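Undergrad: Got a structure here, written out as structure tokens. Questions coming.
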């Protein structure tokens, strides 16, 4: 028996059995999966946390490893043949679920008008990709099955298969929270992941099929997990410096696109010229969009004659960040006047000739409520599954119970979240912007 052994900072060794799962090694070595080495896991967070240089490939391997462990647990708690039939599709989905990520991970989705899950499915289904060919050699229907598994709207496969990959407590989150904590140096992403992997159960949910729940003894490990995710969002994923550079990059990209559409030469590198020039980009054109491509493009823009495009490019590459100004506290207001705040800030910025056009130097960041409260469970018991709630089996109940109903300490992080709004302006205008908004009602 031979195995491929990969050293990993979280799990020490990740092992793939070459005899049973040699196709997974081929999948790992495919150009589309190897491209993930050139995609940062945390986008531009390395500008905030210098150690956050880890990539999507390492994360994908981690998810594969955890899924292998999950199947060991499944074989202990459920002996049905359907578990074994689901093994190959779920392991494949674990490895390729992020294959459609663009430059700087989630950051470029609004810039490019894309959804990475849609592109992941496109890569898997495209007969010209190595990913598709490897999966098809295993089983002709496997590319379609894997694509359906990572499609959040597709309900054609057993719920437990989808939920191991994407739910309120899945293998994806178990890996990225700990991995991101390690590489950023932040101490928030720690929890007893091994206990969570070894205490889940298969619950027969009637017409809904098999669901995943956790044993009562795991509830404190679940609490750790929920708080870890809460703290990682507030302290790492939504860090004000990271968000500022994200908004700067979005503004720069949008400025270049508008100039290009108006007929101005914007010194495009070939891959971006092809992508922008196509009404319906192909998978090949999309996969050519890597971070090296974008960074070279930004370097080209540093000397562009358009003042704001060149300035934003130089600011990004030189880590010259904008300053953050919090929006006024509108809690309890019937109609929060965020638009008025932005208009007033825009007028302030526009009073300075060097900050023209002002919309490039007054950037609004609306953080969706769900990111301020990363665990917000479904409240109706009959609507709950592991997709929208984390549930535990207790001795005195015949049905699973959502965990925050057992642990009052979780109520603080499961209540209705608030929207959060920030503005980013040049540093020399920060104090004036703060004074402007200080008395806003």
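Numbering (UniProt numbering), first residue to last: 1 to 441. Every residue gets a Cβ at the ideal spot worked out from N, C-alpha and C, and that includes glycine. All figures in this text were calculated on a predicted structure; none of them were measured in a lab.
Could you compute how far the alpha carbon of residue 401 sits from the alpha carbon of residue 392?
TA: In the chain shown, the residue the question calls residue 401 occupies position 401. In the chain shown, the residue the question calls residue 392 occupies position 392. Each residue's Cα considered, the two are about 5 Å apart.
Undergrad: On a CA-only basis, which of 22, 16, 403 and 8 is nearest residue 220? Give me that one, please.
TA: The count along the chain shown starts at 1 and reaches residue 220 at position 220. Taking only the C-alpha atoms, the option nearest residue 220 is 403.
Undergrad: Just checking my contact of residue 123 with residue 99 at CB under 8 Å: how many whole Å lie between their CB atoms?
TA: By 1-based counting over the chain shown, the position of residue 123 is 123. By 1-based counting over the chain shown, the position of residue 99 is 99. Contact flag correct, Cβ pair sits at about 5 Å.
Undergrad: Quick check: the region 26-40 against the region 66-77, are at least 3 beta-carbon pairs closer than 8 Å?
TA: They do not touch, by the three-pair rule.
Undergrad: Mind pulling the alpha helix (DSSP H) runs of 4 or more residues that sit fully within the region 20-71?
TA: Taking only runs of at least 4 residues, the alpha helix (DSSP H) segments lying wholly in the region 20-71 are 31-34.
Undergrad: Helix, strand or coil for residue 323? Go by DSSP, reduced to three states.
TA: Counted from its first residue, the chain shown places residue 323 at position 323. Residue 323: strand per DSSP, three-state reduction.
Undergrad: Helix, strand or coil, according to DSSP, for residue 421 in the structure here?
TA: Taking the chain shown and counting its residues from 1, one reaches residue 421 at position 421. Note: residue 421 maps to strand in three-state DSSP.
Undergrad: If you follow the beta strand (DSSP E) that residue 200 is in, where does it begin and where does it stop?
TA: Within the chain shown, the letter at position 200 stands for residue 200. Segment 200-204, the beta strand (DSSP E) holding residue 200.
Undergrad: Report the CB separation of residue 302 from residue 321 in whole angstroms; it is logged as a contact under 8 Å.
TA: Reading the chain shown from its first residue, position 302 is the one you call residue 302. Reading the chain shown from its first residue, position 321 is the one you call residue 321. Between residue 321 and residue 302 the Cβ distance is about 16 Å, and since that is not below 8 Å, they are no contact.
Undergrad: Straight-line CA distance for residue 185 to residue 224?
TA: Stepping through the chain shown from its first residue, residue 185 is reached at position 185. Stepping through the chain shown from its first residue, residue 224 is reached at position 224. Looking at the two C-alpha atoms, the distance is approximately 18 Å.
Undergrad: Going by C-alpha to C-alpha distance, which of 439, 386, 330 and 390 sits closest to residue 421?
TA: Within the chain shown, residue 421 is the residue found at index 421, counting from 1. The option with the nearest alpha carbon to residue 421 is 330.
Undergrad: Determine the DSSP secondary structure at residue 402, reduced to helix, strand or coil.
TA: The residue labelled residue 402 in the question sits at position 402 within the chain shown. Correct three-state label for residue 402: strand.
Undergrad: If you measure between the beta carbons of residue 97 and residue 172, is that distance less than 8 Å?
TA: As a first step, residue 97 is located in the chain shown; it is residue number 97 there, counting from the start. As a first step, residue 172 is located in the chain shown; it is residue number 172 there, counting from the start. Yes.
Undergrad: Here's the rule: buried if 16 or more other CB atoms are within 10 angstroms of the residue's CB, otherwise exposed. What is residue 258?
TA: To locate residue 258, count along the chain shown from 1; it is residue 258. Flag for residue 258 reads exposed.
Undergrad: In its own chain, which residues sit with a C-beta less than 7 Å from the C-beta of residue 51, not counting the 5 before and 5 after it?
TA: By one-based count along the chain shown, residue 51 stands at place 51. So the list reads 183, 184 and 185, once near-sequence residues are dropped.
Undergrad: Between residue 108 and residue 44, is the Cβ-Cβ spacing less than 8 Å?
TA: In the chain shown, the residue the question calls residue 108 occupies position 108. In the chain shown, the residue the question calls residue 44 occupies position 44. No, the Cβ-Cβ distance between residue 108 and residue 44 is not below 8 Å.
Undergrad: Going straight from the alpha carbon of residue 362 to that of residue 418, what length do you get?
TA: The residue labelled residue 362 in the question sits at position 362 within the chain shown. The residue labelled residue 418 in the question sits at position 418 within the chain shown. Roughly 23 Å between the two C-alpha positions.
Undergrad: Please determine, among 5, 132 and 434, the residue with the shortest C-alpha to C-alpha distance to residue 18.
TA: Taking the first residue of the chain shown as position 1, residue 18 is located at position 18. Out of 5, 132 and 434, 5 has the C-alpha closest to the C-alpha of residue 18.
Undergrad: Short of 6 Å in beta carbon distance, which residues of its chain neighbour residue 297, apart from the five on each side in sequence? Order them along the chain.
TA: Taking the chain shown and counting its residues from 1, the one referred to as residue 297 is at position 297. If we look at residue 297 and ignore the five residues flanking it on each side, its Cβ neighbours are 269 and 272.
Undergrad: What runs of the alpha helix (DSSP H), each 4 residues or longer, lie entirely inside the region 331-411?
TA: Those alpha helix (DSSP H) runs which fall completely within the region 331-411 and span 4+ residues are 338-350 and 369-372.
Undergrad: Is residue 437 near residue 325, with beta carbons less than 8 Å apart?
TA: Reading the chain shown from its first residue, position 437 is the one you call residue 437. Reading the chain shown from its first residue, position 325 is the one you call residue 325. Yes, the Cβ-Cβ distance between residue 437 and residue 325 is below 8 Å.
Undergrad: Where does residue 308 land, buried or exposed, given buried means 16+ other C-beta within 10 angstroms?
TA: As a position in the chain shown, residue 308 is number 308, starting the count at 1. Classification for residue 308: buried.
Undergrad: If you measure between the beta carbons of residue 160 and residue 211, is that distance less than 8 Å?
TA: The residue you call residue 160 lines up with position 160 of the chain shown. The residue you call residue 211 lines up with position 211 of the chain shown. For residue 160 and residue 211, yes; Cβs fall inside 8 Å.
Undergrad: Name, in chain order, the residues that DSSP records as bridge partners for residue 447.
TA: Nothing can be reported for residue 447, as the shown portion of the chain is limited to 1 through 441.
Undergrad: Using the beta-carbon count (16 or more within 10 Å), is residue 74 buried or exposed?
TA: Translated into the one-based positions of the chain shown, residue 74 becomes position 74. The residue in question, residue 74, is buried, as its Cβ has 16 or more Cβ neighbours within 10 Å.
Undergrad: For residue 55, count the other beta carbons within 10 Å of its own beta carbon; 16 or more makes it buried, fewer makes it exposed. Which is it?
TA: Sequence index remark: in the chain shown, residue 55 carries index 55 (1-based). By the 10 Å Cβ count, residue 55 comes out buried.
Undergrad: Beta-carbon separation of residue 283 and residue 129 under 8 Å?
TA: In the chain shown, counting from the first residue as 1, residue 283 sits at position 283. In the chain shown, counting from the first residue as 1, residue 129 sits at position 129. Yes, these two residues count as a Cβ contact at 8 Å.
Undergrad: Give the single residue among 3, 85, 231 and 102 whose Cα lies nearest to the Cα of residue 141.
TA: As a position in the chain shown, residue 141 is number 141, starting the count at 1. When each option's Cα is compared against that of residue 141, the closest is 85.
Undergrad: In angstroms with no decimal places, state the Cα-to-Cα distance between residue 244 and residue 359.
TA: If you number the chain shown from 1, residue 244 lands on position 244. If you number the chain shown from 1, residue 359 lands on position 359. C-alpha separation (whole angstroms): 14 Å.
Undergrad: Give the straight-line distance between the Cα atoms of residue 378 and residue 101, rounded to the nearest whole angstrom.
TA: Reading the chain shown from its first residue, position 378 is the one you call residue 378. Reading the chain shown from its first residue, position 101 is the one you call residue 101. Answer to the nearest angstrom: the Cα atoms are 28 Å apart.
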